[in-house]
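**Student:** All residue numbers for the sequence shown refer to the numbering used here, where the first residue is 5 and numbers rise by one.
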Amino acid sequence: MIAVLGATGTIGRELAPLLGEQDLRARAVVRSDVAADVPLTTTAGDLLDRDSLEQAFDGATDLFLLTPHGPEQDQMERNALAAAIAVGIQRIVKISGGGPSLGPNGATATAAAHWRSEQRIEASGLRFQFLRPSFLMQNLHGMPVKWGLMPAPMGRGPVAMVDARDVAESAAALLSRSDAPDGAWQLTGPSSVTFSDAARERGARYLSIPPRIARRALERRGASPFEVDHSIRMARYFASGADGSPSGDVAELTGHQPRALKDFFDDQSPVKGR
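Given below as structure tokens:
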């Protein structure tokens, strides 16, 4: 049995049906106040309540670990690991941050939290597989296009953007293999692209704006201090080009090449020019 955390998110929504298609026994762990629309059996569990997680994980042998970004991420992943150990889970497949962003002084507080969580999981003695995706192509939908322009503070550095469907397929491939080796995989698209390329696919022109302008815009929209800091730090990270090297890890795990940026937009053509 696989306990699935994050089944209602961008990656989790793609993973859930794949687990069903492969006849893998799985259940989604969701908060009791969340109306889960996922094709899996659901059970209630709160990432900030370790006791509820132990009940939700009971009987599972594997845990898919994906937690939301936020100031409580570190505690959520501590609780998930402690509950997993308590009920006898044998393996954790964790969605982490892009490899170059990780470290004790990572690119953001979230990246540092991912690094600490990886360290704790490795030290726990459980089997583990860490998936480290680059910028998700789906995040491009959150960048508005107005007057033919897509403004963002992401600079002009290369980014090996990856489709969330490829991340989900990589996770499903690992979860289906009881003999999968411990390790970490950097999940990327087939080539480096820029935000200018992404804007062009949307029928727009990319406008690189200074981080200070983006910060003020986020604050005006009511973003929390954590969200503002995270967004600006991640923008600087991607602008640096640090996440711009494609890997072959999606192909290694899934047996097919990852989707290119053009494929992503061709599949979702109604969003072009939005």
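In this text, a Cβ means the ideal position worked out from N, Cα and C, and glycines have one as well.
Taking only the alpha-carbon atoms, compute the straight-line gap between D78 and R120 and give it to the nearest angstrom.
**Tutor:** Taking the straight line from one Cα to the other gives about 8 angstroms.
**Student:** Give the range of the alpha helix (DSSP H) segment to which W119 is assigned.
**Tutor:** From DSSP, the alpha helix (DSSP H) with W119 extends over 113 to 128.
**Student:** Using DSSP's beta-bridge definition, name the partner residues of T46.
**Tutor:** Beta-bridge pairing links T46 to A32.
**Student:** If contact is defined by three or more beta carbon pairs under 8 angstroms, each pair taking one atom from either stretch, is the stretch 192 to 205 in contact with the stretch 153 to 163?
**Tutor:** Contact holds: three or more Cβ-Cβ distances are below 8 angstroms.
**Student:** For M165, which of helix, strand or coil comes out of DSSP?
**Tutor:** Coil, per DSSP.
**Student:** Please classify N83: is it buried, with 16 or more other beta-carbons within 10 angstroms of its beta-carbon, or exposed?
**Tutor:** It counts as buried.
**Student:** Would you kindly check if the distance between the Cβ of V97 and the Cβ of L179 is under 7 angstroms?
**Tutor:** Yes, the Cβ-Cβ distance between L179 and V97 is below 7 angstroms.
**Student:** Check whether the Cβ atoms of L51 and M80 sit closer than 7 angstroms, and answer yes or no.
**Tutor:** It is a contact, given that the beta carbons lie within the stated cut-off.
**Student:** Taking 8 angstroms as the cut-off, does the stretch 131 to 142 touch the stretch 179 to 196 (at least 3 CB pairs, one atom from each stretch)?
**Tutor:** Result yes; three or more Cβ-Cβ pairs closer than 8 angstroms.
**Student:** Once you ignore the five residues that flank L257 on each side, which residues in its own chain have a CB closer than 6 angstroms to its CB?
**Tutor:** The residues are S174, A177.
**Student:** Does the stretch 6 to 17 come close enough to the stretch 55 to 64 that 3 or more CB-CB pairs lie under 8 angstroms?
**Tutor:** The stretch 55 to 64, when compared against the stretch 6 to 17, does touch it at the 8 angstroms Cβ threshold.
**Student:** Can you check which of these residues, L67, A11, E58, is closest to V34 by C-alpha distance?
**Tutor:** Looking at the Cα atoms, A11 is the closest of the given residues.
**Student:** Please work out which residues of its chain come closer than 8 angstroms, Cβ to Cβ, to P214, disregarding the five sequence neighbours upstream and downstream, and give them in chain order.
**Tutor:** So the list reads P157, once near-sequence residues are dropped.
**Student:** Let me know the secondary structure DSSP gives V284 once reduced to three states.
**Tutor:** Because the chain in this structure spans residues 5 to 278, residue 284 falls outside the shown range and cannot be described.
**Student:** Would you call E223 buried or exposed, if buried means 16 or more other Cβ atoms sit within 10 Å of its Cβ?
**Tutor:** Counting Cβ neighbours within 10 Å, E223 comes out exposed, since fewer than 16 surround it.
**Student:** Let me know the secondary structure DSSP gives G13 once reduced to three states.
**Tutor:** Of the three classes helix, strand and coil, the one that applies to G13 here is coil, per DSSP.
**Student:** Taking three-plus beta-carbon pairs below 8 angstroms as touching, is the stretch 233 to 252 in contact with the stretch 182 to 201?
**Tutor:** Taking 8 angstroms as the limit for Cβ pairs, the verdict is that the stretch 182 to 201 does touch the stretch 233 to 252.
**Student:** Excluding the 5 residues flanking P137 on each side, which residues of the same chain have their C-beta closer than 6 angstroms to its C-beta?
**Tutor:** Cβ neighbours of P137 beyond the five flanking positions: V166, V171, L191.
**Student:** Could you pull out every residue in the same chain whose Cβ sits closer than 8 angstroms to the Cβ of A227, ignoring the five residues on either side in sequence?
**Tutor:** Result list for A227: S235, in chain order.
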